[in-house]
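Every letter in the sequence shown is one number past the one before it in numbering that gives the first Met the number 0, and letter 236, counting from 1, is 235.
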Amino acid sequence: MTNQLKRGTTFLRALCAVLFILFSFFYLYDYQADILSVTQHVLSHGVTHYDRTIGAVLITLVLGLLQLLIYAFTRLDGNFHALTYFPSFLLLGILTDVSPNLEHESYIGHWYWVFPLLMTVYFGIAWMCRQIESMRLQSKTVGVVSLIWVNLLFMVTLMLMTCFIGCSDRLFHHRMRMENLLQAGDYDEATRVGSSEHQTDSSLTFLRIYALSKTHHLGERLFEYPLTGGSEVMLPDNKNVKLMMVPETEVYKELGVFFPKKMPPTDYFALLHSTNRATRASHDWLLCAFLLDGNINAFANALPKYYLIDSTLPKHYKEALILYSRQTLHPSVVYKDPVLEADYEDFTTLRRTNKDVRLRNNKLRDTYGQTYWYYYFIGRT
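What follows is the structure, given as structure tokens:
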């Protein structure tokens, strides 16, 4: 091996090491930190807490040492040096291959037999690559530039493999990010998680309701988000609506009291209020339950019990009253707002002007997607 080639392989090893360390650290610290947090919480039954900085450093260090062991065993220096990182990248993916149903499924899953199989195949391929490298070195046909580019291609492929194996469920990532922030008491930041998403699920809808309640913006901002499930998702049931880190007791503390008997959320809120155990926050939960179900008559009848009917009402309550006044012949509550009334007229006009349902709904979402009217006519269907 020439001096130039020796310097080239030394540079190659250093480059691959730097790429792996940077990828592993930021993959763990930023992208998968919340997933690893819930994994440790579930596996330890809430006894231990995952620290993203310590976790990212330790895991990267251990996987880096594993690569050094693999390199010492295979001695892959040339075109196939990046393959010495395969076990480390594979374990990095397996470590973050977490299911949203982690509490009911095995963490390791099918990897207990797939990993040994892959490693057996890997060592066979590594042996063949070593023989190929030896022949190329003897023939002196190795170019430093090609050496680097081939290994960079391998490294990028391994990074993509890790991302493919690891948890990439965007809604699950949003949920776990929100739960971490809620546990930390950072409610404002929790309300901003996934705010630009057009998709949601029952658990994410509940977490947004809870976060907005903690910031006292439930009636002001709830319908700015995509929502699903109606009022049925307003309490955790460990089936459709799951909490994996936030204790249910904290939710019921926010609302008033926990009743041992399970019941639909609307029944729970009604019982809370009939027994005078409801907190101020639970008034908004009750009113929003009516709105989520599209029951604007019940909403209008309940609203005066908790709010003055004036301009200080939360935004979505005003919008619901405008809708109620237009759909009820003899409304029990009358609210006047010329600006909102003009906006509602524009909304109804836009609903009628385009026969293409998809195009019409897209236009409505762009202009009125953060209003209760959009949810009532389009978002809840």
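Beta carbons are placed, not taken as given, at the ideal position from N, Cα and C, and that holds for glycine. Every value quoted in this text rests on a predicted model; they were computed, and no experiment measured them.
- Residue environment for F163: exposed (fewer than 16 other C-beta atoms within 10 angstroms of its C-beta).
- The criterion of a C-beta distance shorter than 9 Å is not satisfied by I124 and L94.
- Nearest to F88 by alpha-carbon distance, out of L21, V240, V232, is L21.
- Here Y111 carries a helix assignment [DSSP, helix/strand/coil].
- DSSP, read as helix, strand or coil, puts V245 in coil.
- Of the other Cβ atoms in all chains shown, 16 or more fall within 10 Å of the Cβ of V232; this residue is therefore buried.
- When rounded, the separation of the alpha-carbon atoms in L307 and R379 is 28 Å.
- The shortest CA-to-CA distance from R74 to any of H44, V56, M127 is the one to M127.
- Within a 10 Å sphere around the beta-carbon of P99 sit 16 or more other beta-carbons, which makes this residue buried.
- Counted as a single uninterrupted DSSP element, the alpha helix (DSSP H) harbouring S145 occupies residues 143-164.
- An exposed status is given to E344, since fewer than 16 other beta-carbon atoms sit within 10 Å of its beta-carbon.
- Nearest to L117 by C-alpha distance, out of V144, S105, M134, F85, is F85.
- Between I34 and M177, the CB-CB gap reaches or exceeds 9 Å.
- A straight-line Cα-Cα distance of about 11 Å links S43 and M244.
- In the DSSP assignment, I34 falls within the unbroken alpha helix (DSSP H) covering 32-42.
- For S36 and R207, the gap between their C-alpha atoms comes out near 20 Å.
- For Q369 against E223, the beta-carbon gap comes to about 4 Å, under 8 Å, which counts as contact.
- T190 and L226 do not touch by the CB rule: their CB atoms are close to 14 Å apart, not below 8 Å.
- Between S133 and T156, the alpha-carbon positions lie close to 24 Å from each other.
- Look at the region 178-244 and you find these whole runs of alpha helix (DSSP H), each 4 residues long or longer: 186-191, 201-213, 217-220.
- For Y84, there is no enclosing alpha helix (DSSP H), as DSSP gives it neither H nor E.
- Of all C-beta pairs linking the region 248-255 to the region 48-63, fewer than three are shorter than 8 Å, placing the two stretches out of contact.
- Here the alpha carbon of Y70 sits roughly 10 Å from the alpha carbon of L64.
- In the three-state reduction of the DSSP assignment, A13 falls in the helix class.
- Judged by beta-carbon spacing, L221 lies beyond the 9 Å limit of H282, meaning their Cβ atoms are not closer than that value.
- Residues of the same chain with a CB within less than 7 Å of the CB of L11, apart from the 5 flanking positions on each side, are H80, L146, I147, N150 in chain order.
- When the beta-carbon positions are compared, I295 and Q326 come within less than 9 Å of each other.
- With 16 or more other CB atoms across the displayed protein chains lying within 10 angstroms of its CB, S201 is buried.
- The C-beta separation of Y106 from T161 comes to about 17 Å, leaving the pair out of contact by the 8 Å criterion.
- Under the DSSP assignment, D283 falls in the alpha helix (DSSP H) whose first and last residues are 279-291.
- Counting along the chain, Y367 sits inside the alpha helix (DSSP H) bounded by residues 356-367.
- Take E318, set aside five residues on each side of it, and the residues of its chain with a beta-carbon closer than 7 Å to its own are L339, T370, Y371, W372, in chain order.
- Within the same chain, G229, S230 come within 6 Å of L291 by CB-CB distance, once the 5 residues on both sides are set aside.
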